[in-house]
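Heads up: the sequence lines are chains A and Y, in that order. Each residue of the first sequence is one higher than the one before, starting from 1 at the first, in the numbering used here. Each residue of the second sequence is one higher than the one before, starting from 367 at the first, in the numbering used here. Glycine included, C-beta positions come from ideal geometry on N, C-alpha and C.
Protein chains: 2
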Amino acid sequence: MATATLNISFERSREKCRITIDNQILSRLPTSAFSGASSIAIISDDVVSKLYANKVKSRLSKIAKTSVITFPHGEKSKNLRTCSAVASKMSDLGLDRRSVLVALGGGVVGDIAGFVASIFKRGIKYVQAPTTLLAQVDSSIGGKTGVDTDWGKNQLGTFYQPRAIFIDPFTLDTLPRSEVINGLGEMIKSGVIADKNLFRSIEKTYSLNIQNLKPLIPQTCRIKARIVEEDERENNLRSVLNYGHTVGHAIEASANFRLSHGKCVILGMIAEGWIASKLGIFEESDHERQRDLLRRIIKSSVIETSLDTGRILGFAQLDKKSSAASIRMALPEKIGKMHAKKNGSYLTSVSKDLLLESLQVIRREL
Amino acid sequence: MATATLNISFERSREKCRITIDNQILSRLPTSAFSGASSIAIISDDVVSKLYANKVKSRLSKIAKTSVITFPHGEKSKNLRTCSAVASKMSDLGLDRRSVLVALGGGVVGDIAGFVASIFKRGIKYVQAPTTLLAQVDSSIGGKTGVDTDWGKNQLGTFYQPRAIFIDPFTLDTLPRSEVINGLGEMIKSGVIADKNLFRSIEKTYSLNIQNLKPLIPQTCRIKARIVEEDERENNLRSVLNYGHTVGHAIEASANFRLSHGKCVILGMIAEGWIASKLGIFEESDHERQRDLLRRIIKSSVIETSLDTGRILGFAQLDKKSSAASIRMALPEKIGKMHAKKNGSYLTSVSKDLLLESLQVIRREL
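And the structure:
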C-alpha cells in the first residue's frame, strides 16, 4: 500500500493542511495536529463510531480529554437540525474555542463536522479522518462544508479548511460495494478532469475490488489538492471538480437522496459528457472511452432510478454554479483536460433542452 | 451632523470595507457597492422594514431586481430557525451566488443577515445598513455574525466582513429611548477602552437626546474600525471590545434576553470595572468616573432586573473567551487604556468568587 504525505497551502485563507495517507494511521494520530487543544471531540455516525471511535479515542485521550458525539448515519442527517444538536452536545461537554474536532467517517460526517467547526463560537479547529473511499479521495480535501436543505443539496455551508487530513486505507477493507462505487465515480472524474494516466490505470485495472483501487488513492488526492490549492473559493478552476455533479446532484435531490452520491455522479458524467460531445467540446474518441468505462460500472452494479426530468431540471437550476438565467457546468475537452473558454472561465452555459435531452441518454444506458 | 468615510482593510481575510456616515445615505446608496449583483435582497425585521424598506428598495431596484425579506423583530428571532427560513425565502426568490444582501436594521438584523450571507451557497456578498445607534457605532463593524442558542448568546456564527457599511444618522430620529441607551452603553465602552477624549465628551454633553450623541458617531466608529482592523479574528486585541460583555452577556442570557443588550453591558461594566479596581488594575479615580457616568444612565432609565447569580455564573463560564477552567475578561487600566499582561494578552482570569461579589455591587447600584 502506498504511503504518502501531501502539503496544501492556501494563499487565499492563509491556511495550511497536511494530508497523510498511511495504513493504520487512525491508531497513531500524531499529537502535533492537536497541539494546544483544550479538549477534543470525535464527531461520527452511529455506524462508523462502532468500528473506529474507541480506537481513535484511546489514542487522543493521551493528548486531551476526548469525547465522542454521534448522529444517525446517512445523507438524511445532513441538515441544520443535526448541526444544532451536535453543537449543543459540544457545549454540554464543555468544549471551548481551543477545542479540536475530528470528523471520523464518510462525506456526510466530514461535511457536518466541518460546518459545525466553522460556526461553533465563530470557528474552532478540526481535522478530517475520512473512512470511505469517496471521502478519502475527494470530500475530505478542500474545506467545503455544508448541509442540505429542503430546497437543495449543500445549499448552506462554508469554506473552512481542516488542519490535517488522516487517510487510513485500512478502514476501506470493511467498505460495502456501493461505497466502493461511490469512490470510484470520483476517481474516474478526477482522471477525466486532470489526469489521463489515472484514467488509464482505472481502465486497465478496472475492478470493484478495493485492494486494486487503494494504490490509486495518493494520485487521486494529489489532483484534488492541486486544484483546491490554486482556487480555494471556487472562483474558476475549482469548478472543474464539479464535473458530473450539476446533473448528478440534481438527480440525487430529485430522488430525495435515496440514490447514492457516487451513482448519481456516474449518471451525471454520462449526461454531461454527452452534452460536451454534442457541443463539439469533448473529443469523440475520449467521450466513448469515458462512456465505456462508466457503462462497466453501471453493468456491474444495478442502478435503478426513475428519472423525474422536471424535478431534475428544477434542481439543476438551483445549482450553486447556475444563476437564475442559465445552467452552467464544467465540461471536458478530452480525457485529462477540461474545457476553458477564451475568457478563461471553465463554465459553459447549457440550454434546458440540451439538459433534458441528456437525461434521455442516461435512460438509454440504464 | 458629521459626515465621514472610513476605510478598513483586513490583512487576515484580505477583505476591504468602507464605512460611510452620511445623513439620508439610505435614499442614495452608491451603485458601486452592488456592482456585479445578479439580484439584491433587503433583510430586515417587521418594524424597521415598515420605516425604510421601500425607500431602500426603490433605490436599489435601479441596480438589480430587489426583494425584501422580513422576520419578527427582537433578540428572540436570532436563532438558526430564522436563518433557515430567510435562506429558504432567498432560494424561492431565485437568489444565487452573485446576489447581494442588505442588512437593514439593528444588531439582530445585522447578525442574522451577515450569518446567512456567510453560509448561503457557501457565502455571498452583503452590506450593512444599520438603523440603531448600537448597530451604527458597534455591531455593524467588524464582521461578527451569529445566532443565539439554548445554551448561550452568539454561540454559533462566523467572521464575515460586509463589503460596505452605510450609516444614516437620520434613522436615529425615530429611535426609542431604550435604544439610545443601548448605543450609549457601547459608546461609553469605546471611550473606556480606547479614547479618553470620547469619554470626556460623553461626560460633558451627557444626554439621552440623540441629537447630542450624533456628532460622536464617527469618533466611536473609528475606535471599533481600528481595533478590528488590527485583530480581525479576535486573537488578542479585539477582546478589549468585550469589556463589560462577559458579565453583560451572562446577565442577558440569564434573564432570557428580556433585558436590552445595552443595559446589560452597562451593568457588566459596573461589575467588570469593580473587578478591575479590586484587582488593582483600574486606577481608582478613573473607576469612580466610570461609575458616576454609568450611574447617571441607571438613574435616568429604570433598569429592573432580579439577578439570578447562579445562572449568571453558568453563562459567564460559557463565554467564548472563557475556557472550561476559568472565566476570562478584558479589564481597563484607566479610562482610554485597557490592561495588557506581560505576555501581551488582554485577558485576565477572574475567580468565581470575585465574579459573584461583583454581582452584589450591581445590586447595590440598582
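Sorting Y:Gln521, Y:Trp517 and Y:Ile507 by C-alpha distance to the C-alpha of Pro528 (chain Y) places Y:Ile507 at the top. In the three-state DSSP reduction, Lys153 (chain A) falls in the strand class (E or B). Within the region 135 to 179 of chain A, the complete beta strand (DSSP E) runs of at least 3 residues fall at 144 to 149, 152 to 159 and 164 to 167. Between Ala41 (chain A) and Asn54 (chain A), the alpha-carbon positions lie close to 12 Å from each other. Across the region 499 to 510 of chain Y, CB contacts with chain A closer than 8 Å involve Lys510, in sequence order along the chain. Taken in chain order, the whole beta strand (DSSP E) runs of length 3 or more contained in the region 68 to 141 of chain A are 100 to 105 and 125 to 130. Taking C-beta atoms under 8 Å as the contact rule, Ile43 (chain A) and Ala135 (chain A) fail to qualify, at a distance of about 13 Å. Residues of the region 466 to 491 of chain Y with a C-beta atom less than 9 Å from some C-beta of chain A are Phe481, Val482, Ser484, Ile485, Phe486, Lys487, Arg488 and Gly489, listed in chain order.
Closer than 7 Å to the CB of Thr612 (chain Y) there is not a single CB belonging to chain A.
Phe623 (chain Y) has a beta carbon lying at 7 Å or more from every beta carbon in chain A.
Any Cβ of chain Y closer than 7 Å to the Cβ of Leu237 (chain A) would place that residue at the interface, and such an atom is absent.
The region 187 to 206 of chain A and the region 240 to 250 of chain A touch, with no fewer than 3 CB-CB distances between them shorter than 8 Å.
Burial of Arg488 (chain Y) is indicated by the presence of at least 16 other C-beta atoms within 10 angstroms of its C-beta. Counting every other CB atom within 10 Å of its CB across the protein chains shown gives Asn7 (chain A) a total below 16, marking it as exposed. Within the region 543 to 591 of chain Y, the runs of alpha helix (DSSP H) that reach at least 4 residues and sit entirely inside it are, in chain order, 543 to 560, 562 to 570 and 576 to 579. The C-alpha of Gly105 (chain A) lies about 18 Å from the C-alpha of Phe257 (chain A). The beta-carbon separation of Leu538 (chain Y) and Leu499 (chain Y), rounded to 6 Å, stays under the 8 Å limit for a contact.
Per DSSP, reduced to three states, the secondary structure at Asp45 (chain A) is strand.
In this structure, Ser620 (chain Y) sits away from Phe536 (chain Y), with a CB-CB distance that is not shorter than 7 Å. Residue pairing by DSSP places Ile8 (chain A) opposite A:Cys17 in a beta bridge.
Counting only the Cα atoms, Val414 (chain Y) lies some 17 Å from Thr432 (chain Y). For Trp517 (chain Y), the chain A residues whose C-beta falls within less than 8 Å of its own C-beta are Ser88, Ser91 and Asp92, listed in chain order.
Straight through space, the alpha carbons of Glu699 (chain Y) and Asn709 (chain Y) are spaced by roughly 16 Å.
Nearest to Glu600 (chain Y) by alpha-carbon distance, out of A:Pro72, A:Met90 and A:Arg98, is A:Arg98. Note that the C-beta distance between Asp111 (chain A) and Thr145 (chain A) is below 7 Å. In the three-state DSSP reduction, Glu598 (chain Y) falls in the coil class, being neither helix nor strand. Pairing Asp411 (chain Y) with Thr436 (chain Y) gives a Cβ-Cβ distance under 7 Å.
For a Cβ distance threshold of 8 Å, nothing in chain Y lies close to Arg311 (chain A): the least Cβ distance comes to about 15 Å. About 17 Å separates the CB atoms of Ser544 (chain Y) and Ser443 (chain Y); that is not less than 8 Å, and the two are not in contact. DSSP places Arg624 (chain Y) in the coil class of the three-state scheme, outside both helix and strand. The C-beta distance from Ile678 (chain Y) to Ala616 (chain Y) rounds to 5 Å, short enough to fall under 8 Å. Within chain A, the residues Ser118, Ile119, Arg122, Gly123 and Thr158 have their CB atoms less than 8 Å from the CB of Thr524 (chain Y), given in chain order. Annotation: the continuous alpha helix (DSSP H) that includes Ala682 (chain Y) extends over Thr675 to Leu684. The beta-carbon of Leu446 (chain Y) is placed less than 7 Å from the nearest beta-carbon of chain A. Asp45 (chain A) has a beta carbon lying at 7 Å or more from every beta carbon in chain Y. A contact is defined here as three or more CB-CB pairs under 8 Å, and the region 564 to 583 of chain Y fails this definition with respect to the region 713 to 730 of chain Y.
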